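Beneath this line is the structure, given in structure tokens, with notes to follow.
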Amino acid sequence: MTATPRYYPAEDVKPAKAVHKVKQNPPRVRASITPGTVLILLAGRFRGKRVVCLKALESGLLLVSGPFKINGVPLRRVNQAYVIATSTKVDVSKVDVKSITDEHFSRTKDAAKDGEEEFFMGDAPKQAVVSDQRKADQKKVDDALTKAVSAVPMLEAYLAAQFTLSSGDKPHLMKF
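Numbering (the numbering used here), first residue to last: 49 to 224.
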């Protein structure tokens, strides 16, 4: 029986492998969801509301708007898993949303940090402050979108109506 050597030779040491960054594929949007499709929101604060899809963002989220004047839904990002696409379409070719990206919705760094003083101030309700830039973008998009909606008869009332299900309704059999 031979004793194992105290040190291993240097040639046996394997070089460290290079770390490869995995590049994510861009998310795919369902074929039924195109710009101008009327969607029904299924979750969140605006569940049951009908909105117009404006475009798919780089993150895979959908940019939607109510329009705000019609049903109170502002410009929002929505995951496509939480929407139902309807067969209703709106011509959104005149709506300019090129400047709106995922960074448009990011929060400022200093607003995210709450100091100790704010914590102990009590239960004073915090008001969400909407920036002037977001208000201007909302107004610009709403004006163009409202014109497109008003061109289709009864579409404004359709967007303003709430979507609900009753106990006997079978959503898997419904044609949207």
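Here a beta-carbon is modelled for each residue, glycine too, at the ideal position from N, C-alpha and C.
What you are looking at is a predicted structure, and each value in this text was computed from that prediction instead of being measured.
Would you say residue i and residue j are within 8 angstroms of each other, going by their C-beta atoms?
i	j	result
R125	L111	yes
V86	V131	no
D150	E204	no
L123	I148	yes
F224	A133	yes
I88	F211	yes
V70	A104	no
Buried or exposed: residue i, going by 16 or more other Cβ atoms within 10 Å of its Cβ?
i	result
P115	buried
D185	buried
A91	exposed
D3	Only positions 49 to 224 of the chain appear in this structure, which leaves residue 3 out of reach.
L207	buried
N199	It should be noted that the sequence gives Ala, not Asn, for residue 199. Classification of A199: exposed, given that the 10 Å Cβ count is below 16.
S135	exposed
A51	exposed
S154	exposed
S215	exposed
S113	buried
Since residue i sits in a beta bridge, which residues does DSSP pair it with?
i	result
K103	L111
R98	I88
Verify the CB distance criterion: does residue i have a CB-CB separation below 8 angstroms to chain C?
i	result
L203	Structure shown: chain C not included; a single protein chain is present.
Would you be able to state if there are at least three C-beta pairs under 8 angstroms between the segment 192–207 and the segment 137–157? By the Cβ test, the segment 137–157 is in contact with the segment 192–207, since at least three Cβ pairs between them sit closer than 8 angstroms.
Taking three-plus beta-carbon pairs below 8 angstroms as touching, is the segment 87–100 in contact with the segment 111–123? Touching, yes, given that three or more Cβ pairs across the two stretches are closer than 8 angstroms.
Residue ranges of each beta strand (DSSP E) run of no fewer than 3 residues wholly in the segment 112–148, ordered along the chain? 124–126 and 131–137
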